[in-house]
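Numbering of the sequence shown is given in my numbering, commencing with residue 1 and proceeding in unit increments. C-beta atoms are modelled at their ideal positions from N, C-alpha and C, and glycine is treated no differently. Read the structure below first, then the notes.
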Amino acid sequence: MASLINSISLPKLTKVVNYDNWSLKMKALLGSQENWEVVEDGFDEPTNTTGWSNVQLKVLKDARVKDKAALYILYQAVLWTSLALRRLQVPNLQKKREIFWRRRIREMTE
Numbered sequence: 001m002a003s004l005i006n007s008i009s010l011p012k013l014t015k016v017v018n019y020d021n022w023s024l025k026m027k028a029l030l031g032s033q034e035n036w037e038v039v040e041d042g043f044d045e046p047t048n049t050t051g052w053s054n055v056q057l058k059v060l061k062d063a064r065v066k067d068k069a070a071l072y073i074l075y076q077a078v079l080w081t082s083l084a085l086r087r088l089q090v091p092n093l094q095k096k097r098e099i100f101w102r103r104r105i106r107e108m109t110e
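Printed below as a string of structure tokens:
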């Protein structure tokens, strides 16, 4: 995935006016990387994996990779304003940031 993302030009979200076009391109890109499902459905980190089988742990690992890959692609495709960047640098907002982007992408592509 990394080599593909590094070799293509990601659509950039620069303003609200290009959001519709950007979101459609992002849905196609994330879908081509098999990461759209995690954006659409979200990813909930389990609190306890004690007693999980190797197969279940492998599935969890794959889900984590898809989740982080989708977030990486989304973050690379957004040109942050200084105000938005300052808001997002607050450490305890990581989960809210992830939820915001997933929800926003899902809303605009339905």
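Using C-beta distances below 6 Å, list every residue in its chain close to TRP101, excluding the 5 sequence neighbours before and after it, in chain order.
The residues are LEU74.
Host alpha helix (DSSP H) of ASN18 (start-end):
Here ASN18 belongs to no alpha helix (DSSP H), and DSSP marks it neither H nor E.
With a threshold of 16 other CB atoms inside 10 Å of the CB of ASP67, please say whether the residue is buried or exposed.
Looking at its Cβ environment, which holds 16 or more other Cβ atoms inside 10 Å, ASP67 is buried.
My assumption, with CB atoms under 8 Å, is that VAL39 sits in contact with LEU30. Please give the rounded CB distance.
Contact between VAL39 and LEU30 holds: their C-beta atoms lie close to 6 Å from each other, under 8 Å.
LYS78 - partner residues in DSSP beta bridges
Correcting the residue identity first, residue 78 is Val in this sequence and not Lys. In DSSP, VAL78 forms a bridge with LEU13.
Measure the alpha-carbon distance for THR56 versus TYR72 and round it to whole angstroms.
Before going further, note that residue 56 is Gln rather than Thr in the sequence given. Straight-line spacing of the CA atoms in GLN56 and TYR72 works out to 24 Å.
Nearest candidate by alpha-carbon position, reference ILE99, set ASP41, LYS27, MET26 and THR50
ASP41
My understanding is that ALA158 touches LEU24, with C-beta atoms under 8 Å, so please give their C-beta distance in whole angstroms.
Past the edges of the chain, shown from 1 to 110, lies residue 158, and the structure says nothing about it.
Under 6 Å from any heavy atom of the ligand PLP, does the C-beta of GLU45 make it?
In the structure on display, the ligand PLP does not appear, and there are no ligands present to speak of.
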